[in-house]
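Inspection log for the structure reproduced underneath, given as structure tokens.
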Amino acid sequence: MTSFRNETLSPCELLGSKATGQIEKPALVFLHGLLGSADDWKAVTEALSQDHFCLAIDLPGHGESKHIPPVSFEHTNTLIMQIIEKHVQGAYWLVGYSLGSRLAMMIAANHQADGASEKATHLRGLLIESGHTGLPDSERESRWQNDCRWAHRFESEPIVDVLQDWYEQPVFSSLNHAQKQSFVALRSDNLGVKVASMLRATSLSKQPELSEPLRQCELPLHYVCGQNDTKFSAVAARSGFRFNVVPDAGHNIHAEQPRLFSQLIKKLITTV
Numbered sequence: 390m391t392s393f394r395n396e397t398l399s400p401c402e403l404l405g406s407k408a409t410g411q412i413e414k415p416a417l418v419f420l421h422g423l424l425g426s427a428d429d430w431k432a433v434t435e436a437l438s439q440d441h442f443c444l445a446i447d448l449p450g451h452g453e454s455k456h457i458p459p460v461s462f463e464h465t466n467t468l469i470m471q472i473i474e475k476h477v478q479g480a481y482w483l484v485g486y487s488l489g490s491r492l493a494m495m496i497a498a499n500h501q502a503d504g505a506s507e508k509a510t511h512l513r514g515l516l517i518e519s520g521h522t523g524l525p526d527s528e529r530e531s532r533w534q535n536d537c538r539w540a541h542r543f544e545s546e547p548i549v550d551v552l553q554d555w556y557e558q559p560v561f562s563s564l565n566h567a568q569k570q571s572f573v574a575l576r577s578d579n580l581g582v583k584v585a586s587m588l589r590a591t592s593l594s595k596q597p598e599l600s601e602p603l604r605q606c607e608l609p610l611h612y613v614c615g616q617n618d619t620k621f622s623a624v625a626a627r628s629g630f631r632f633n634v635v636p637d638a639g640h641n642i643h644a645e646q647p648r649l650f651s652q653l654i655k656k657l658i659t660t661v
């Protein structure tokens, strides 16, 4: 696996990324969730690297991009597109999980808009894992307040203590105790202040509703949810998108069932 840094950007705008596979192969770009990193995709990208060029990106405030302050959805997606422009030849698919899938959906919804980068127009499709398409206006304020409470805890309390409560949220109810403790240990190297900044900058309360824009953009979109993730199974059903349910998996399918997830990508994503 090759680690990339984009030397054409200023130091404060430089996202980390990791690549697997040969550059001339059809490209897949992976975006992780909150608290994650490019390394989260390792099992999946290694399984796919024989047939694809796989680029996993560290989002602002995470992994090798910890030094980059999260600002907004728009700023984050600009940085993502700069890395894709640098390292991907030709067309590509976006594969996003949770926060990463919301960023991917926003890129796709705007990929043909006036002012979109040339590389954005090379996007050929999306695979969305456990991603929220957006809240109704009536729910935005309560979500903002909830995200702010978590953000305050992340920046003011020991991160291990916050993570113990984070993984007790209903969306992670399919995880057993050992799995939750594994995630707590894995995510404890995050910087709480950076997690807090990303929570505020990319709060679901600030995200536009994306179902209709995505239907209008006419890109292939495959939604994937876990059998045990009742919340996002309902989101998938409401979205109107084609979706697949992965058995014996919860919210984080690529971590819980990496082999099945990789096989599903091979099945769903056409050669670009």
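Note that my numbering has the sequence shown beginning at 390, numbered continuously upward. Where is the CB? At the ideal position from N, CA and C, for every residue including glycine.
Residue i to residue j, Cα distance in whole Å?
i	j	result
W533	P597	13 Å
Y612	A585	28 Å
N633	F621	12 Å
E636	E645	It should be pointed out that residue 636 corresponds to Pro in this sequence rather than to Glu. Distance between the alpha carbons of P636 and E645 is about 10 Å.
T409	M495	25 Å
F650	E607	24 Å
R491	V573	23 Å
T522	P449	21 Å
T591	K414	32 Å
With a threshold of 16 other CB atoms inside 10 Å of the CB of residue i, please say whether the residue is buried or exposed.
i	result
I412	exposed
D526	exposed
P459	buried
E453	buried
R335	The structure shown does not extend to residue 335, since the chain spans only 390 to 661, so no value can be given for it.
N565	exposed
G479	exposed
S545	exposed
S392	With a pLDDT of 46 at S392, under the threshold of 50, the modelled position of that residue is not reliable, and no figure is offered here.
Sort the options by Cα distance to residue i and report the nearest one.
i	options	result
I446	F462, D440, L417 and S438	L417
L512	S454, L483 and S562	L483
L404	L420, P609 and L552	L420
Under a three-way DSSP split, which group does residue i fall into?
i	result
N499	coil
L610	strand
V551	helix
L588	helix
V477	coil
L512	strand
R394	Note that R394 scores a pLDDT of 43, beneath 50, so its modelled location is shaky and nothing firm can be said.
Q558	coil
K455	coil
By DSSP's criteria, residue i is part of a beta bridge. Which residues make up the other side?
i	result
T409	C443
V634	C614
E518	Y486 and V613
A416	F442 and Y481
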